[in-house]
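So the protein sequences, as listed, match chains A and B. Using the numbering used here, read the first sequence as starting at 1 and increasing by one per residue. Using the numbering used here, read the second sequence as starting at 1001 and increasing by one per residue. Backbone N, C-alpha and C fix where the C-beta goes; we use that ideal spot for every residue, glycine too. Here is the structure we will look at.
Protein chains: 2
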Amino acid sequence: MAPTKRWPERPPVMTDVARLAGVSHQTVSRVLNDHPNVRPQTRENVLAAISQLGYRPNAAARTLVTRRTHTLGVISFDTTLYGPASMLYGIEAAAQDSYFVAIASLPALDRGSVLEAVDRFVGQGVEGIIVIAPLTSAVAALSDCAGDVPLVAVGCGTHAPLTSVAVDNAEGAALATRYLLELGHETVHHIAGPRSWLDAYERIAGWRQALQEEQAPEPAILPGDWSAASGYEIGHQIAGEQDVTAVLCANDHMALGLLRALSEHGRRVPDDISVVGFDDVPESAYFLPPLTTVRQNFGELGRRALGALVDMIHGRDPAGSLEPVAPRLVIRSSTGPPRS
Amino acid sequence: MAPTKRWPERPPVMTDVARLAGVSHQTVSRVLNDHPNVRPQTRENVLAAISQLGYRPNAAARTLVTRRTHTLGVISFDTTLYGPASMLYGIEAAAQDSYFVAIASLPALDRGSVLEAVDRFVGQGVEGIIVIAPLTSAVAALSDCAGDVPLVAVGCGTHAPLTSVAVDNAEGAALATRYLLELGHETVHHIAGPRSWLDAYERIAGWRQALQEEQAPEPAILPGDWSAASGYEIGHQIAGEQDVTAVLCANDHMALGLLRALSEHGRRVPDDISVVGFDDVPESAYFLPPLTTVRQNFGELGRRALGALVDMIHGRDPAGSLEPVAPRLVIRSSTGPPRS
DNA sequence: CGTCCGCATGTGAGCGGTCACAGTTCCTCA
DNA sequence: TGAGGAACTGTGACCGCTCACATGCGGACG
């Protein structure tokens, strides 16, 4: 009786199952991995032993030899925001039955934090990483460690030298701008997001291009910071300017703030001013008035990011999943022709 | 020249480092784990060898022998919603430097899905699980597998036989109800969430109790489903009823829908009707009018859940982290005394 | 009737770390 | 000067699994 066995309750291992089923550990392994060439009767015996013992294979041991962790890492900025949260959801939903998804939400997207997060994940042995990194600073940092591990950036435009999927922001902004111009507005003002965000940058570009194509004058950009508060403040500034008849906001929250400011100044939407948002958060249909906005399919974006990553993990070319997701203009009651 | 070595590029292992540093693998291990009794010079040699080789310890191998994965699982319903997303964020932020956080978002919280998710995580070897499970159905399922692995439920009230942390929903609802009553309203109507959600249930209870304490009549509950759409529909129904002067909504989104419906019917807020929300989503300060609401500190909730879980993992009594998080009434402009 | 092949199963060697224990070396102090 | 101990380092077993290979068995075939 060597006192080899530790107590209490060492969980059963493969050998225990093998002993109970009267076979070798290897046969148990074969059953577990659905190998052919196991007699049905044997398989059943093994299965019975497994459930009798409540045996669960040890993931670490398996990983050690197969070198597969079945784990993906998702690095994100603020997962509280609607966009990142939706992408995360899409990714997780799509990954569910082939991978575990580990997350890291960073308080800031500076070079150091991003690299540290990547490093942490690599150390843990993730098979791939998805970075929800809308900031230009992050893109730069990422380019360095690419190659170290399969990595896909999402919502980063296509500027980067790294694999990335994105919504076609420029097209979305252009869509909205053209729509307003076609309604008869002289021009369209733009409350933009911070320039350090690629999305903000691209939306500006799309807006500007649409303006140029229609030969409309290009007013100065109104710089917001994504928050409703910034939209509200800018709203106060422009409420008095009679030549502002149409505003494209770079996201729905700023539009909400704008709506409130305009209402406080007695300027009616859409009679006096038309307002368009971006994102189509679920609540925007219930703003006052319901918001015309550019819908982004975040879930689809997440799904494509995962698809591309899985391609890379298996050494395939992810090109197929990479084309930008098309945005769609959702017309509600916050837009209309200018009064004039 | 035995062709033992596989190519391409087998990553360096501890023995490689040991060889380069001229020590044994055990000494390398000691350096890695900050053991005392390693000569400074030796330590430096090892460290140099590590960085020269770009060596990273293999997590699976370590896990295999230490039986620690440093991984936590978070199971959640819809991580797109503000509440769950915030909790997740709080949990992750607090866990960051001691654990990896894996997530599983379920499309439904039925018994089967929950148990399956738990099982998946246990199979992967997580050291503990946090379930963001606001539905009563989930609580029941969870009670079964408790004991199998350290598990904390969050946002489940305290009804369950399992360890859980929660916001004091009843107190929040009572707070809002009493406030409206004190303003002079005869009674307070309540747009509730689905009864299957514990939060909805508890908010109803708090509202009802406050009503009883002040001996106010108790109107029929208006059944919503958390969505702005449901608030909007109910708004249409009650807009015509002159005796409705104050409404407590079980969340901010339904309040938003209600606000829009009332506005469409020409009923002014707060002059004709006072409206209170629940949650204090970031946008609620920019609703029209800005919404009086009950703030929940989701981040704190997540942090406490993690604290309790870590206590359990280490065999400590988590009692300390368990007391409900106090909600706070945030008064804005959607409430006022009745016109009478 | 012996050979060969395919199925079913067993054997032993790792995977890359940590742990327990067994040496070393070197310094202290009688 | 030598015993004793602390500081430092090395050795081998083992964690629980999969892989490559060896083996036993039965039937098809010439």
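State yes or no: is the C-beta of residue i within less than 8 Å of the C-beta of residue j?
| i | j | result |
| --- | --- | --- |
| V1188 of chain B | L1248 of chain B | yes |
| I91 of chain A | V74 of chain A | yes |
| V1031 of chain B | L1072 of chain B | no |
| T1335 of chain B | P1270 of chain B | yes |
| S105 of chain A | S76 of chain A | yes |
| Y232 of chain A | L258 of chain A | yes |
| L1329 of chain B | L1175 of chain B | yes |
| P337 of chain A | V294 of chain A | no |
| R1111 of chain B | A1140 of chain B | yes |
| A1138 of chain B | A1170 of chain B | no |
| W1207 of chain B | T1177 of chain B | yes |
| L262 of chain A | A239 of chain A | yes |
| A1173 of chain B | R1203 of chain B | yes |
| P84 of chain A | Y55 of chain A | no |
Please compile the residues from chain A whose C-beta is within a distance smaller than 8 Å of the C-beta of residue i.
| i | result |
| --- | --- |
| P1282 of chain B | S227, A228 and H253 |
| S1263 of chain B | L288 |
Give every residue of the same chain whose Cβ lies closer than 7 Å to the Cβ of residue i, excluding the five residues on either side of it in the sequence, and list them in chain order.
| i | result |
| --- | --- |
| W1007 of chain B | Caution is warranted here: a pLDDT of 41 is assigned to W1007 of chain B, below 50, making its placement in the model unreliable, and no coordinate value can be reported. |
| D1148 of chain B | V1122 |
| I1234 of chain B | I1191, L1222, G1224 and L1258 |
| R339 of chain A | D271 and D272 |
| L109 of chain A | F77, A133, L135, S137 and A138 |
Note down, in chain order, every chain B residue with its Cβ under 7 Å from the Cβ of residue i.
| i | result |
| --- | --- |
| T63 of chain A | A1060 |
| R267 of chain A | Simply none; closest approach about 13 Å. |
| G257 of chain A | Y1286 |
| R260 of chain A | Y1286 and L1288 |
Just curious, the alpha helix (DSSP H) that residue i is in, first and last residue?
| i | result |
| --- | --- |
| G63 of chain A | Sequence check: residue 63 of chain A is Thr here, not Gly. Run containing T63 of chain A: A59 to T66, per the alpha helix (DSSP H) assignment. |
| L259 of chain A | D252 to E264 |
| I1331 of chain B | From DSSP, I1331 of chain B is part of no alpha helix (DSSP H); its letter is neither H nor E. |
| G90 of chain A | Y82 to A95 |
| G231 of chain A | A228 to I238 |
| H1025 of chain B | H1025 to L1032 |
| V1310 of chain B | F1298 to I1313 |
| S105 of chain A | Here S105 of chain A belongs to no alpha helix (DSSP H); instead the beta strand (DSSP E) covers F100 to S105. |
| D272 of chain A | It is not in any alpha helix (DSSP H) - D272 of chain A carries neither H nor E in the DSSP assignment. |
| L1020 of chain B | M1014 to A1021 |
| I204 of chain A | L198 to E213 |
| Y1114 of chain B | It is Val, not Tyr, that sits at residue 1114 of chain B in the sequence shown. Where V1114 of chain B is concerned, the enclosing alpha helix (DSSP H) stretches over R1111 to Q1124. |
Closer than 8 Å by C-beta to residue i: which residues in its own chain qualify, once you throw out the five before and the five after it? Chain order, please.
| i | result |
| --- | --- |
| G22 of chain A | N45 |
| D144 of chain A | L115 |
| R1039 of chain B | none |
| G1168 of chain B | Correcting the residue identity first, residue 1168 of chain B is Asp in this sequence and not Gly. P1324, V1325, A1326 and P1327. |
| D1317 of chain B | D1311 |
| Q1052 of chain B | L1020 |
| A48 of chain A | A21 |
| Q124 of chain A | T69, T71, G73 and A102 |
Can you list, in chain order, the residues of its chain whose CB lies under 6 Å from that of residue i, leaving out five sequence neighbours each side?
| i | result |
| --- | --- |
| T1279 of chain B | It is Asp, not Thr, that sits at residue 1279 of chain B in the sequence shown. N1251, D1252 and Q1296. |
| G128 of chain A | L72, P150, L309 and I313 |
| L306 of chain A | I91, A94 and A95 |
| V1028 of chain B | M1014, V1017, A1018 and V1046 |
| S1024 of chain B | A1018 |
| P1003 of chain B | Annotation note: pLDDT 32 at P1003 of chain B (below 50); position unreliable, coordinate value reported separately. Closer than 6 Å at Cβ, skipping near neighbours: no residue. |
| P1107 of chain B | none |
At 8 Å on the CB atoms, spell out the chain B contacts of residue i, in chain order.
| i | result |
| --- | --- |
| R56 of chain A | V1122 and G1123 |
| S274 of chain A | Correct list: empty, because the minimum Cβ distance to chain B is about 17 Å. |
Would you mind reading off the limits of the beta strand (DSSP E) that contains residue i?
| i | result |
| --- | --- |
| L1288 of chain B | No beta strand (DSSP E) contains L1288 of chain B, which DSSP labels as neither H nor E. |
| R1295 of chain B | T1292 to R1295 |
| T1071 of chain B | T1071 to S1076 |
| G128 of chain A | G128 to I132 |
Starting from the beta carbon of residue i, find every residue of chain B whose beta carbon is closer than 9 Å, and list them in chain order.
| i | result |
| --- | --- |
| S51 of chain A | By Cβ distance, chain B contributes nothing, its closest Cβ being about 13 Å from S51 of chain A, past 9 Å. |
| S113 of chain A | By Cβ distance, chain B contributes nothing, its closest Cβ being about 11 Å from S113 of chain A, past 9 Å. |
Could you tell me which chain A residues have their CB closer than 9 Å to the CB of residue i, listed as they occur along the chain?
| i | result |
| --- | --- |
| S1334 of chain B | The premise fails here: S1334 of chain B is roughly 12 Å from chain A at the closest Cβ pair, so nothing lies under 9 Å. |
| S1143 of chain B | Result: empty, since nearest Cβ-Cβ is about 19 Å, beyond 9 Å. |
Next on the checklist: Using a Cβ-Cβ cutoff of 8 Å, what residues of the region 1080–1103 of chain B are near chain A? List them in chain order.
Outcome noted: Within the region 1080–1103 of chain B, the qualifying residues are T1080, Y1082, A1085, S1086, L1088, Y1089, E1092, A1093, Q1096, F1100, V1101, A1102 and I1103.
Next on the checklist: Give me the subset of the region 295–307 of chain A whose CB atoms are less than 8 Å from a CB atom of chain B, sorted by chain position.
Outcome noted: Answer in chain order: no residues at all.
Checklist entry - Using Cβ-Cβ distances below 8 Å, what residues of the region 203–234 of chain A are close to chain B? => result From the region 203–234 of chain A, only S227, A228, A229, G231 and Y232 have a Cβ closer than 8 Å to chain B.
Item to check | Near-chain B residues of the region 12–27 of chain A - C-beta to any C-beta below 7 Å | outcome: Hits within the stretch: zero.
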